[in-house]
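One structure is given below, encoded as structure tokens.
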Amino acid sequence: MKIGRVSLRMTVLNGLTNLLVSGDSLDDVFRGFAEGLARLVRFDAMAVALIDAERGEAELIDALARATAGVPQRDCRLAVAGTLLAELVRTAAPITIADVDTAGVPPASREAFLARGYRSVLMVPLISRGGIIGAVILAGERPAAFDDEDAEVVAELARPLASAIEQRRLFEERHRRAEELEALYSTSQLITGRLDLASVLDGISRSVTSLIGSTGCGIGLLNPDGTAITHAAAHGFRTEEWSTLEIPVGEGIIGRCVAAAAPIRVDDVAADVRSARRDIDEREGIRSMLCVPLASERGIIGVISAFSTRPAAFTEHHQRVLEAFAQQAGIALANARLYEESERRARETRALLEAGRAVTASLDVEETMRVIMAQAKSVLGVASCGIMTLDPETRELVSVASLDLSPELVGKIRVREGEGITGIAVRERRPVHSADLWTDPRVRFRDVQRGTGFRSMLAVPLLLGDRAIGALIVLRADRHEFSGAEQELLLALADQAAIALEHARLYTQLEGMVAERTRELDAQKRFVEVVLETLPLGVFVVDAGLAVIRVNREGERVLPSDARIGEPFARFVGDGVADLVAWLDGARSRRGVHRLEREMAVAGETRVVRLTAAPLEAAGRAGHLIVLVEDVTLAKRLEQQLLLTERLTTAGKLASGVAHELNNPLATIAGCAESLASRLREPALAGREELADFRRYLGLIEEEAYRCKEITGSLLQFVREPGSRRTPANLNALALKVVELLSHQSRFAESRFVTELDPELPVVTANEGQMRQVFLGIAANGLEAMDGHGTLAIRTRVAREEVEVEFDDEGPGIPDEVLARIFDPFFTTKPPGQGTGLGLAIAQGIVADHGGRIEVTSRPGKGTVFRVVLPR
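For the sequence shown, our numbering begins at 840 and goes up steadily by one.
Pasting the structure below:
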């Protein structure tokens, strides 16, 4: 176990050492340290404290969060004084606290750890050559969470961590210094490029603000007798009081800076007794200040006073930067000899800007390259210029443009990356030049060089980030050593050229994408046009003023009119449309989908039209309306026909029952009449005179009885006639027809129909009219049970030797006491006048006549399933 732990420690230590020599960021180092330490030591929280000795503070880095995906980082700063961290800095030795809730722990540390639920702490110093730069802090939620071995492990891992932090700090310091030098160089160019004092002073004040991030800056100059500082320029002040501000030397913060000829940095102006004009400080909101003297060869000539509305806004670093800048500013103010140098640099800058402007003015690749080469030739005074691009697949540099070579020759020049002067420049991503091409062994295509008469050459890479995409080449006819300034200038042009070429490439790519997207949009538009024109609904698009801006072919058919696009929708509808206009206004204002059915005269006929309006919202408000117009005249007629059919069916059933009941007494009457007539023919009664009229009366009774039977028989034959016409029927098609008929009824407009039809369902022999009557009756009952708002599912399937058609609704269901009577004739749960109670009885009779049955399953509160079962 111990050997394994030692091996693990070595593995983690090697990993941290590798991080030390890698180019990873400091956050990556913290992440690697936290992950490695977690493998060796158990802890609940971990942070790295980096000490800011200048301010007496420490920055706490939440290293554990950086090693845990999705956990927010909670970095913060805290004062070192009066904490365990101060004790660690003093002793430079690890500190292990078994329980922070003891008297020996500084109150600030005790409260901080206990507030976060931690009881034990382990602190190990981070030591570099400059002393203690920070500490590794581990915290545990239980007391005595860490022992001496843990301290030893953390101390061992802390050494490479400290080295990594120090190295990256040094790198950041070098990088920051480079940026400072660049910024100082740029700002010095800005202020030294002017001759008049006012421009120089204004440039200094503005440059200071951008250089160190101050809120504003004032420039004060010594008066001729050297007794006071008078403000001559300022930037960032709220009022104009600065223009009249004059401070005696030795008084106030600014006066003391001049008197001492040394910088003064104030973190809190309000608390500093040296402030001479506290009233101005308060009105301007000045909280911190940094003053640096301006000097020339003759001594102090003024002061730069930068201020911020934030307390402690300036650091020692800002002071150093401003001191360096003040040296440049002092020279700019005192020495006019810098004018010539600034002018020279200004000309180069203008040339580069002009080149950049020319490059960005065109996205044509050939024109872009021509402009780049012409600017390079003009600025550097060379004989010729060319551009080569790198083929990413073959890694060959291909000549694509030249100011002097013929087009035929340009396309033939190819150099592999790393070969020749240009190839080396691209591979190493740095400028490469040759003072004498005729004797340089690196030269390729020597015959071309001799033929053109070029003698010296400079090639710089075209870079996009760290990736080289080609090279910019300039050539001279004489032997020439290209200076560093020339190389830098050509690099600047090459950077612009690379960006311009990339922009041109991206623009070409974008053009292709736009063209493709345009084609897609055109196709979508054509598709929408086809859909609109083939839609079996009239579609009208009306604007905010209810004027029609689009109508499809079906709309013109449903509402034929002389009105044209742009005219009010009312013109398409006809007279008496005030209520319709109000309805459209309401649909737009109330949002949502609104429906309306009304009768109107269309082409001399009275039609029933259903209108559906929905707003098209734009920028959060309803603008246009889409109005769907559907001629439902036929559907209404079908609905009325359905109701009439139901009534006729009920009447027929009633007539059938009455006729059937009358047949029996009629048969009895006829039989008795026939028996009595037979008795009268017996010899004993045949000659009796008083019975002579009875024979005639009995004949009339028999005759009329048989006539009544013929009437009832004809009535039954009429009622039963449809059942005799049975043919092979497609129940799937019949179910779809039922859906079509019911969906056009206004009372079921809000209902939803779902069909799950078995495509392999066989045909059955049935009377299609009667089956349609059964299906319509059951489906209508289900929709009425849902008040016309639910979903009705119609399913067909084959079950053994039978075919099933199922109607499944989402209604309230049927109570058990009612379920037993639903097929009884004249039984209904509907209010008086709304049902005969014969619908299901007739349906049961029709299905039974076909050799089938109707099954019912009800789920109170969840719906009812009617299942029509027919033999195959």
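For each residue, glycine too, the CB sits at the ideal point set by N, CA and C.
Could you have a look at residue i and say whether DSSP puts it in helix, strand or coil?
i, result
"residue 1590", "coil"
"residue 1513", "helix"
"residue 1296", "strand"
"residue 1256", "coil"
"residue 891", "strand"
"residue 1398", "coil"
"residue 1657", "helix"
"residue 1595", "strand"
"residue 1749", "The question about residue 1749 has no answer, for the chain in this structure spans 840 to 1711."
"residue 883", "coil"
"residue 1383", "coil"
"residue 1064", "coil"
"residue 848", "helix"
"residue 1132", "strand"
"residue 1625", "coil"
"residue 1672", "Confidence at residue 1672 is low in this model, with a pLDDT of 48, below 50, so its placement is unreliable and the value that follows should be read with caution. In the structure shown, residue 1672 sits in coil (DSSP, three-state: anything other than H, G, I, E or B)."
"residue 1274", "coil"
"residue 1014", "helix"
"residue 1463", "strand"
"residue 1090", "coil"
DSSP puts residue i in a beta bridge; with which residues?
i, result
"residue 1223", "1314"
"residue 1692", "1708"
"residue 1635", "1644"
"residue 1567", "1604"
"residue 1389", "1380"
Leaving aside the five residues before and after residue i along the sequence, list all residues of the same chain whose C-beta is less than 8 Å from its C-beta, in chain order.
i, result
"residue 1593", "1630, 1631, 1632, 1633"
"residue 983", "937, 938, 959"
"residue 1116", "1084, 1086, 1091"
"residue 1140", "1060, 1061, 1133, 1134, 1169, 1172, 1173"
"residue 1577", "1611, 1614, 1615, 1618, 1633"
For residue i and residue j, I'd like the C-alpha separation in whole angstroms.
i, j, result
"residue 1142", "residue 1128", "12 Å"
"residue 1543", "residue 1705", "46 Å"
"residue 1375", "residue 1447", "16 Å"
"residue 1514", "residue 1601", "55 Å"
"residue 1427", "residue 1387", "15 Å"
"residue 1597", "residue 1425", "45 Å"
"residue 957", "residue 920", "21 Å"
"residue 856", "residue 999", "6 Å"
"residue 1667", "residue 1703", "16 Å"
"residue 1118", "residue 1079", "14 Å"
"residue 1605", "residue 1669", "30 Å"
"residue 1011", "residue 1356", "46 Å"
"residue 1207", "residue 1227", "14 Å"
"residue 1710", "residue 1573", "16 Å"
"residue 1148", "residue 1068", "23 Å"
"residue 1653", "residue 1590", "20 Å"
"residue 961", "residue 1158", "37 Å"
"residue 1409", "residue 1472", "20 Å"
"residue 927", "residue 933", "7 Å"
"residue 1038", "residue 1131", "20 Å"
"residue 896", "residue 1001", "18 Å"
Residues in its own chain within less than 7 Å of residue i by CB, not counting five upstream and five downstream?
i, result
"residue 1307", "1229, 1265, 1268, 1300, 1301"
"residue 1497", "none"
"residue 1571", "1596, 1600, 1635"
"residue 879", "847, 848, 851, 992"
"residue 1040", "1058, 1071, 1072"
Using a Cβ-Cβ cutoff of less than 6 Å, which residues in the same chain neighbour residue i once the five nearest sequence positions on both sides are dropped?
i, result
"residue 1586", "1627"
"residue 1435", "1422, 1450"
"residue 1672", "Its pLDDT being 48, under 50, residue 1672 is placed unreliably by the model, and nothing is read from it."
"residue 1333", "1299, 1301, 1311"
"residue 1625", "1648, 1649, 1650"
Does residue i come within less than 8 Å of chain B when only Cβ atoms are used?
i, result
"residue 1171", "Reference to chain B is not applicable here, since this structure consists of a single protein chain."
Taking contact to mean at least 3 C-beta pairs separated by less than 8 Å, is the segment 1040–1050 in contact with the segment 1071–1087?
yes
Three-pair Cβ contact test at 8 Å for the segment 862–873 versus the segment 892–903:
yes
Pairing CB atoms from the segment 1648–1668 with CB atoms from the segment 1617–1629, are three or more of them under 8 Å?
yes
Are three or more beta carbon pairs between the segment 1311–1320 and the segment 1272–1291 nearer than 8 Å?
yes
Three-pair Cβ contact test at 8 Å for the segment 1235–1242 versus the segment 1218–1227
yes
State whether the segment 1275–1285 contacts the segment 1324–1344, with contact taken as three or more CB pairs (one from each stretch) at a distance under 8 Å.
no
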